[in-house]
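Q: Chains as they are written, first to last, in this note's numbering: chain V, 9 to 331; chain P, 3 to 297. Backbone N, C-alpha and C fix where the C-beta goes; we use that ideal spot for every residue, glycine too.
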């Protein structure tokens, strides 16, 4: 229950809650205390060094392949007329079975003010699918814009590192404001306004049906993210992420944190698309030794990859009991 | 709390407040900017420039396409199933109409090659309404003789050759050659005394002829006392009304001349507009602000 409340609170833009000393169990306090003065820069460096030998970018690789394969499947299904994954990211048929993106379906229902049966089937299927797979998993594992944004994010981080540009942030509540605005615009105007500027829909259609002038808008967004604000669209605007984050609050697939060996050096927070979800890795911020990262997390796995002490891992809640 | 720490706190919160204030302004500007841009998408709709010939069954009432705009989820499944690739998706220049399917009849009309209205069946939201069963149920628009002066028939001219030139990419079903696969118009040569391509290629007229043929067979079989092996036609599978015919009219000089006349059964599929062999603009066009049942 706490997980759901904390997740929703962060999804809608509140700061991660800070546990008071009283709330923290003694065992956790002992762990924090043990590390004071014992963790030197050399320790962290050697942990990083050890870590690099064993792994690297396992999840990023899997994820990029998944994004490319899924979007390629759409294209192949159309070009070679195979009934594998027909349609686009907004709505499709997987081997004939209806799928509908939750946010697109929501926008249509709000604007059209009717519920269509096929859309109910499609949204239910997609809801269950992402419920099992983690909600915002959609963002980092399927959304074509996410992949492009990740690449421009690399340029952005490099430019900031070289002190060529300064990164600007926005208030995270902006995304909730947008969510309400887009919903209201759909209801009041009777048009699916968000779909007009959604880079996810635009890119998906461009990949399948060929490019158009709408790609200029996607280009502008990417330029904005490169030179002005890191991952601005996904962090501060996109309602698709909010919709899936809400689904994710009751998903069993999560990234889980263990404070035992954590060096609190913050490598995970540096690469995270939604770093507020990892505030619990800051020393003194966790409320328990084992904690699940809240549902605004896109389950991209970059923190799992980068963590030098294996303190962050994927887990499927309840599955360990069966295995 | 001592005085010095209190002072320190205020200084800290001041800079903090300043950065918060800046962030708030930035966020407000971002919100205003994105909302303004998305509202700009209404411009083509308000101007009415985004109206187009829509696929069969589109939820619209003449030029009022609001229901169609709102119910369409912009996935393009209708595009994927069309056997003649008549359906295309609008781009961002149509504003909020982005991703909506349309048909450019002159380039490739809907010729009902699929018979079963595949686009309607494929639509996941019923934006192409599932109330339709047969081509004759559709109300896409209504054909109109736009330029009688350029119509070959009006001038008593025939037509010889391929309808739209050898480079034309469009497809059309030629039932008598291949019932199941639409063929390139550029491969089909005509040689007719008085041009009547718009009438002879009209899918509704073709279907009426086929139905009449079948009905004749059925009656013959019945009169010969055989079991009727030809299935009975029902519903609108056979179009109830004619869509277009050649009419004889008297021109100003009192001479008799032929002209194609659009009739009540026209569904606005656009095949006449597509096949019209006149170079440049076709003599006959489809209007989207008129439909059969419209007064």
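(1) Please check if any C-beta of chain V sits within less than 8 Å of the C-beta of residue 209 of chain P.
(2) My assumption, with CB atoms under 8 Å, is that residue 179 of chain V sits in contact with residue 25 of chain P. Please give the rounded CB distance.
(3) Any Cβ of chain P within less than 8 Å of the Cβ of residue 177 of chain V?
(4) So, using beta-carbon positions, are residue 222 of chain V and residue 39 of chain P closer together than 8 Å?
(5) Report the rounded CA-to-CA distance for residue 78 of chain V versus residue 160 of chain P, giving the unit in angstroms.
(6) In chain V, what lies closer than 7 Å to residue 50 of chain P by C-beta?
(7) What do you reckon, are the CB atoms on residue 112 of chain P and residue 58 of chain P nearer than 8 Å?
(8) Would residue 58 of chain P count as contacting chain V if we go by Cβ distances under 8 Å?
(9) For a cutoff of 8 Å on Cβ pairs, would you count residue 173 of chain P as touching chain V?
(10) Would you please verify whether the beta carbon of residue 127 of chain P is less than 8 Å from any beta carbon of chain V?
(11) Identify the continuous alpha helix (DSSP H) that holds residue 114 of chain P and give its terminal residues.
(12) Name the chain V residues that come within less than 8 Å of residue 64 of chain P, Cβ to Cβ?
(13) Would you mind reading off the limits of the beta strand (DSSP E) that contains residue 183 of chain V?
(14) What number of angstroms, rounded off, separates the C-alpha of residue 295 of chain P from the C-alpha of residue 235 of chain V?
(15) Does residue 76 of chain P get closer than 8 Å to chain V when you measure Cβ to Cβ?
(16) Only counting the same chain, and skipping five residues up and downstream in sequence, which positions put a Cβ closer than 6 Å to that of residue 285 of chain V?
(17) Could you name the residues of the same chain whose beta carbon sits closer than 6 Å to that of residue 145 of chain V, not counting the 5 residues immediately before and after it, in chain order?
(18) Give the list of continuous alpha helix (DSSP H) stretches no shorter than 4 residues that lie fully inside the segment 108-190 of chain P.
(19) Would you report the Cα separation of residue 272 of chain P and residue 66 of chain P, rounded to the nearest angstrom?
(20) Once you ignore the five residues that flank residue 283 of chain P on each side, which residues in its own chain have a CB closer than 6 Å to its CB?
(21) Got a sec? Which residues, its chain only, sit under 7 Å from residue 135 of chain V by beta carbon, not counting five neighbours each side?
(22) So is residue 5 of chain P in contact with chain V if we call contact Cβ pairs under 8 Å?
(23) Quick check on residue 100 of chain V: does DSSP put it in helix, strand or coil?
(24) What did DSSP end up calling residue 218 of chain V once you bin it into helix, strand or coil?
(25) Whose CA, out of V:215, V:60, V:30, lies closest to the CA of residue 153 of chain V?
(26) What residue range is occupied by the uninterrupted alpha helix (DSSP H) comprising residue 70 of chain P?
(27) Near residue 267 of chain P, what residues of its chain come up, given a Cβ to Cβ distance below 6 Å and the 5 sequence neighbours on each side ignored?
(28) If you follow the beta strand (DSSP E) that residue 90 of chain P is part of, which residue opens it and which one closes it?
(29) By the criterion of Cβ-Cβ separation under 9 Å, what are the contact partners of residue 127 of chain V in chain P?
(30) Could you confirm whether any beta carbon from chain P is found closer than 8 Å to the beta carbon of residue 96 of chain V?
(31) Report buried or exposed for residue 260 of chain P, applying the criterion of at least 16 other Cβ atoms within 10 angstroms of its Cβ.
(32) Kindly list the residues whose CB is nearer than 6 Å to the CB of residue 149 of chain V, restricted to its own chain and excluding five residues on each side of it in sequence; keep chain order.
(33) Taking the continuous alpha helix (DSSP H) assigned at residue 9 of chain V, which residues delimit it?
(34) Which residues in the same chain have their Cβ closer than 7 Å to the Cβ of residue 251 of chain V, if we skip the five residues on either side of it in sequence?
(35) Just verifying my parser: in three-state terms, what is the DSSP assignment at residue 203 of chain P?
(36) Note the first and the last residue of the continuous alpha helix (DSSP H) segment covering residue 106 of chain V.
A: Working from what's here:
(1) What you label residue 209 of chain P is simply residue 207 of the second chain in a count that begins at 1. For residue 209 of chain P, the answer is no, since every Cβ of chain V falls outside 8 Å of its Cβ.
(2) Locating residue 179 of chain V in the first chain gives position 171, where the first residue counts as 1. Locating residue 25 of chain P in the second chain gives position 23, where the first residue counts as 1. Yes, residue 179 of chain V and residue 25 of chain P are in contact; Cβ-Cβ is about 5 Å, under 8 Å.
(3) Here residue 177 of chain V refers to the residue found at position 169 when the first chain is read from its first residue. Yes, its Cβ sits closer than 8 Å to a Cβ of chain P.
(4) By 1-based counting over the first chain, the position of residue 222 of chain V is 214. By 1-based counting over the second chain, the position of residue 39 of chain P is 37. Contact flag unset, no.
(5) In the first chain, counting from the first residue as 1, residue 78 of chain V sits at position 70. In the second chain, counting from the first residue as 1, residue 160 of chain P sits at position 158. Going from the Cα of residue 78 of chain V to the Cα of residue 160 of chain P covers about 53 Å.
(6) Within the second chain, the letter at position 48 stands for residue 50 of chain P. The premise fails here: residue 50 of chain P is roughly 14 Å from chain V at the closest Cβ pair, so nothing lies under 7 Å.
(7) What you label residue 112 of chain P is simply residue 110 of the second chain in a count that begins at 1. What you label residue 58 of chain P is simply residue 56 of the second chain in a count that begins at 1. Their beta carbons are under 8 Å apart, which means residue 112 of chain P touches residue 58 of chain P by this criterion.
(8) Walking along the second chain from the start, residue 58 of chain P turns up at place 56. Judged by the 8 Å Cβ criterion, residue 58 of chain P is not in contact with chain V.
(9) Reading the second chain from its first residue, position 171 is the one you call residue 173 of chain P. At least 8 Å separates the CB of residue 173 of chain P from every CB of chain V.
(10) Within the second chain, the letter at position 125 stands for residue 127 of chain P. Judged by the 8 Å Cβ criterion, residue 127 of chain P is in contact with chain V.
(11) Position 112 of the second chain, counted from the first residue, corresponds to residue 114 of chain P. Run containing residue 114 of chain P: none; DSSP gives neither H nor E here.
(12) Indexing the second chain from 1 puts residue 64 of chain P at position 62. Near residue 64 of chain P there are no residues of chain V at all, since even the closest Cβ is about 17 Å away, more than 8 Å.
(13) As a first step, residue 183 of chain V must be located in the first chain, where it is residue number 175. First-last for residue 183 of chain V: 181-197, but that is the alpha helix (DSSP H), not the beta strand (DSSP E).
(14) The residue given as residue 295 of chain P occupies position 293 in the second chain. The residue given as residue 235 of chain V occupies position 227 in the first chain. Distance between the alpha carbons of residue 295 of chain P and residue 235 of chain V is about 56 Å.
(15) Numbered from 1 along the second chain, position 74 holds the residue referred to as residue 76 of chain P. When Cβ-Cβ separations below 8 Å define contact, residue 76 of chain P makes contact with chain V.
(16) Start at 1 with the first residue of the first chain, and residue 285 of chain V comes out as number 277. Exclusion of the five residues before and after residue 285 of chain V leaves 301, 302, 304, 305 as the residues of its chain whose Cβ lies within less than 6 Å of its Cβ.
(17) On the first chain, residue 145 of chain V is found 137 positions in, with the first residue counted as 1. Exclusion of the five residues before and after residue 145 of chain V leaves 307 as the residues of its chain whose Cβ lies within less than 6 Å of its Cβ.
(18) Listed in chain order, the alpha helix (DSSP H) elements of length 4 or more contained wholly in the segment 108-190 of chain P are 120-124.
(19) By one-based count along the second chain, residue 272 of chain P stands at place 270. By one-based count along the second chain, residue 66 of chain P stands at place 64. Note on geometry: alpha-carbon atoms of residue 272 of chain P and residue 66 of chain P lie some 20 Å from one another.
(20) On the second chain, residue 283 of chain P is found 281 positions in, with the first residue counted as 1. Nothing meets the Cβ criterion.
(21) Locating residue 135 of chain V in the first chain gives position 127, where the first residue counts as 1. The beta carbon of residue 135 of chain V sits closer than 7 Å to the beta carbons of 110, 255 from its chain, once the five residues preceding and following it are set aside; these are given in chain order.
(22) By 1-based counting over the second chain, the position of residue 5 of chain P is 3. With a pLDDT of only 45 at residue 5 of chain P, under 50, the local geometry of the prediction cannot be trusted, and the value read off the model is given with reservation. Judged by the 8 Å Cβ criterion, residue 5 of chain P is not in contact with chain V.
(23) For the purposes of this step, residue 100 of chain V is taken as the residue at position 92 of the first chain. DSSP places residue 100 of chain V within a strand segment (E or B) once states are collapsed to three.
(24) Here residue 218 of chain V refers to the residue found at position 210 of the first chain. Coil at residue 218 of chain V, not helix or strand.
(25) Locating residue 153 of chain V in the first chain gives position 145, counting from the first residue. Of all alpha-carbon atoms in V:215, V:60, V:30, the one lying nearest the alpha-carbon of residue 153 of chain V is that of V:215.
(26) The residue labelled residue 70 of chain P in the question sits at position 68 within the second chain. In the DSSP annotation of this structure, the continuous segment of the alpha helix (DSSP H) that includes residue 70 of chain P starts and ends at 68-73.
(27) Position 265 of the second chain, counting from 1, holds the residue named residue 267 of chain P. The answer, listed in chain order, is 206, 241, 243, 244, 245.
(28) The residue you call residue 90 of chain P lines up with position 88 of the second chain. 89-91 is the extent of the beta strand (DSSP E) around residue 90 of chain P.
(29) Numbered from its first residue, the first chain carries residue 127 of chain V at position 119. What residue 127 of chain V touches in chain P: 75, 126, 127, 128.
(30) Against the first chain, residue 96 of chain V aligns to sequence position 88. Between residue 96 of chain V and chain P, the shortest Cβ-Cβ separation is below 8 Å.
(31) Taking the second chain and counting its residues from 1, one reaches residue 260 of chain P at position 258. Here residue 260 of chain P is buried: its Cβ has 16 or more other Cβ atoms, across all protein chains shown, within 10 Å.
(32) In the first chain, residue 149 of chain V corresponds to position 141, counting from 1. So the qualifying residues of the chain are 71, 74.
(33) As a first step, residue 9 of chain V is located in the first chain; it is residue number 1 there, counting from the start. Careful: residue 9 of chain V lies outside any alpha helix (DSSP H) and carries neither H nor E.
(34) Here residue 251 of chain V is taken as the residue at index 243 of the first chain, counted from 1. For residue 251 of chain V, where only same-chain residues beyond five positions count, the Cβ hits under 7 Å are 110, 111, 114.
(35) The residue you call residue 203 of chain P lines up with position 201 of the second chain. If DSSP states are grouped into helix, strand and coil, residue 203 of chain P belongs with coil.
(36) In the first chain, residue 106 of chain V corresponds to position 98, counting from 1. That residue, residue 106 of chain V, is in no alpha helix (DSSP H); its beta strand (DSSP E) goes 105-108.
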